[in-house]
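Report on one structure; see the data block that follows.
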Amino acid sequence: MTTGSHEMLYARACRVTPGGVHSPVRALRAVAAEPLFVARAAGSRLHTTDGRELLDYCLAFGPLIHGHAHPATRAAVDDALAAGWSYGTAESRSLALAEFIVERIDWVEQLRFVNSGTEAVMTALRLARAATGRPRILKFSGCYHGHSDAMLIRAGSGLAGAAVPDSAGIPPGVARDTVVAELNDEDALAECFERHGKELAAAIIEPLPANHGLLPQRPAFLARLQALCRRHGTLLIFDEVISGFRIGFGGMAEATGIRPDLVTWGKVIGGGFPVGAVAGPRDLMEQLAPEGPVYQAGTLSANPVAMAAGLATLRTLVDTDGYARLRALGRSLGAGLSGLSGLRLQQFESLFWIAPGADAQRPLRRPADMPDTVPRHYPALFQAALARGIYLPPSPWECGFLSLAHDEEDIGRLVELLQDMAPAWR
Ligand SMILES: *Cc1c(COP(=O)(O)O)cnc(C)c1O
Numbered sequence: 157m158t159t160g161s162h163e164m165l166y167a168r169a170c171r172v173t174p175g176g177v178h179s180p181v182r183a184l185r186a187v188a189a190e191p192l193f194v195a196r197a198a199g200s201r202l203h204t205t206d207g208r209e210l211l212d213y214c215l216a217f218g219p220l221i222h223g224h225a226h227p228a229t230r231a232a233v234d235d236a237l238a239a240g241w242s243y244g245t246a247e248s249r250s251l252a253l254a255e256f257i258v259e260r261i262d263w264v265e266q267l268r269f270v271n272s273g274t275e276a277v278m279t280a281l282r283l284a285r286a287a288t289g290r291p292r293i294l295k296f297s298g299c300y301h302g303h304s305d306a307m308l309i310r311a312g313s314g315l316a317g318a319a320v321p322d323s324a325g326i327p328p329g330v331a332r333d334t335v336v337a338e339l340n341d342e343d344a345l346a347e348c349f350e351r352h353g354k355e356l357a358a359a360i361i362e363p364l365p366a367n368h369g370l371l372p373q374r375p376a377f378l379a380r381l382q383a384l385c386r387r388h389g390t391l392l393i394f395d396e397v398i399s400g401f402r403i404g405f406g407g408m409a410e411a412t413g414i415r416p417d418l419v420t421w422g423k424v425i426g427g428g429f430p431v432g433a434v435a436g437p438r439d440l441m442e443q444l445a446p447e448g449p450v451y452q453a454g455t456l457s458a459n460p461v462a463m464a465a466g467l468a469t470l471r472t473l474v475d476t477d478g479y480a481r482l483r484a485l486g487r488s489l490g491a492g493l494s495g496l497s498g499l500r501l502q503q504f505e506s507l508f509w510i511a512p513g514a515d516a517q518r519p520l521r522r523p524a525d526m527p528d529t530v531p532r533h534y535p536a537l538f539q540a541a542l543a544r545g546i547y548l549p550p551s552p553w554e555c556g557f558l559s560l561a562h563d564e565e566d567i568g569r570l571v572e573l574l575q576d577m578a579p580a581w582r
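If you're matching positions, the sequence shown starts at 157 in the working numbering and goes up one per residue.
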């Protein structure tokens, strides 16, 4: 099934799956549109079932740092496939990927592969609870850590630290074990640790929050979080599922010099195949079964095809000076939009977020800083982009991604679109 109108395919999909999609953002409801059906993709382009070519700045929400169907990844996957694709035994492709990573990130001694970012976070939280003997986890408003019960919790109104489920179906007991704090506020954080510190197994944060727009934190805030964790015997978990292997090989831990106790990875680590990982020092990691008492497992974990894709992705990045090239592309985008008013580009290297109507100067560091012009105007921007053959992230809160498959001409088309749209929002 590679051709056909979106309307027809969508109607069929809605009959057999809720909302016609297998992950809610793909329904495009946040941009007042209907799902697009993609037939194939290569480089920076998506090709839809009704024959359109789209310049892709969503890129599967982050994994495709080389763009779609990169030849080196494709060759590694073909090679792995020819050798069979799941053994349920030890094998050498996961060993090769694990060694490639551990050799290059000095504070990581061991890792375990899982199938998604969500799973990596679940495992990190269980490890932290086991290692500390404590029940509760601190998270931050505006950070996303996958869809496990413990992480689909948001701040309640009223009492500071009170938390409520962010989805139906999450028991109140789970919400009680998650404490929610605000980003960018050291005093409130210190108070939170005063009140809950003794019970906190871990604090988990996206060191570069990129799931509620892009909310870069001051290094001083991250440093304070680390200091408070140390003082209270709480483990610090960096959720680098988006930033890992994208903001340099060592992610934000490397960029900031702040080393967490545990890190979670996903997205780029699998190059577009289902891979996640939790990593850290040996003494902590060896608490995992079969070495230690913390149970964790997976029928398809460290799938050899996915491992081959991950290794080819990371090796190509390192061998071709990919990070320097990505930063240069990022600078072109930033330069093309500097001084623009009516629209703000929030950017960190190859990650960007477009905020229609946001003032260019005021720092945006917390969800509460987000102007309401963003959800109001973003759907029009998405649809105008689509009309010009550009696929932007299909939600006002999702980040866009640059890849090594984008070139200066691609960047130019995005810049031109934003320059044309911005005056309407001045
Ligand atoms: C995408 C993401 C996750 C969830 O990963 P999945 O592979 O979708 O389960 C967790 N944390 C962060 C920071 C993410 O960006």
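Yeah, the Cβ is synthetic: ideal placement off N, Cα and C, and Gly gets one too. All of these numbers come straight from a predicted model, not from anything done at the bench.
Buried or exposed (CB count within 10 angstroms, at least 16 for buried), residue i
i, result
"Asp212", "buried"
"Asp395", "buried"
"Gln517", "exposed"
"Thr245", "exposed"
"Ser200", "buried"
"Met164", "exposed"
"Lys423", "buried"
"Asp343", "exposed"
"Pro579", "exposed"
"Ala167", "exposed"
"Glu554", "buried"
"Val172", "exposed"
Proximity test, residue i beta-carbon vs ligand 1 heavy atom, cut-off 7 angstroms
i, result
"Thr255", "The sequence shown places Glu at residue 255, not Thr. No; taking the cut-off as 7 angstroms, the Cβ of Glu255 has no heavy atom of ligand 1 nearer than that."
"His203", "no"
"Gly407", "no"
"Thr279", "no"
"Asp322", "no"
"Val397", "yes"
"Lys354", "no"
"Gly432", "yes"
"Asn367", "yes"
"Ser506", "no"
"Tyr300", "yes"
"Lys423", "yes"
"Thr274", "yes"
"Glu572", "no"
"Glu442", "no"
"Glu362", "yes"
Distance CB(residue i)-CB(residue j) smaller than 8 angstroms
i, j, result
"Leu339", "Arg521", "yes"
"Leu345", "Asp322", "no"
"Gly492", "Leu558", "no"
"Ala511", "Val530", "yes"
"Arg402", "Leu507", "yes"
"Leu283", "Val474", "no"
"Gly427", "Ala480", "no"
"Leu537", "Ala287", "no"
"Tyr584", "Pro552", "Residue coverage of the chain in this structure runs from 157 to 582, which leaves residue 584 outside it and unanswerable."
"Ala358", "Thr334", "no"
"Leu384", "Arg290", "no"
"Leu570", "Ile546", "yes"
"Thr274", "Ser313", "no"
Near ligand 2: residue i beta-carbon under 7 angstroms from a heavy atom
i, result
"Glu554", "As presented, the structure is devoid of ligand 2, carrying ligand 1 as its sole ligands."
First and last residue of the uninterrupted beta strand (DSSP E) at residue i
i, result
"Arg201", "201 to 204"
"Asp631", "There is no way to answer for residue 631, as the model of the chain reaches only from 157 to 582."
"Gly436", "432 to 436"
"Leu267", "266 to 270"
"Val194", "194 to 198"
"Asp395", "391 to 395"
"Asp525", "From DSSP, Asp525 is part of no beta strand (DSSP E); its letter is neither H nor E."
"Arg310", "309 to 311"
Per-residue DSSP class, three states only, for residue i
i, result
"Val330", "helix"
"Asp417", "coil"
"Glu342", "helix"
"Ala383", "helix"
"Arg282", "helix"
"Leu520", "coil"
"Arg481", "helix"
"Asp515", "coil"
"Val450", "strand"
"Asp262", "coil"
"Phe349", "helix"
"Val335", "strand"
"Ile221", "coil"
"Ala183", "helix"
"Ile361", "strand"
Enclosing alpha helix (DSSP H) for residue i [first to last residue]
i, result
"Phe538", "529 to 543"
"Ala167", "162 to 172"
"Val320", "Premise fails: Val320 lies in the beta strand (DSSP E), 319 to 321, not in any alpha helix (DSSP H)."
"Glu565", "564 to 577"
Beta carbon proximity, residue i to chain B, threshold 8 angstroms
i, result
"Gly369", "Annotation note: the requested chain B is absent from the structure, which comprises a single protein chain."
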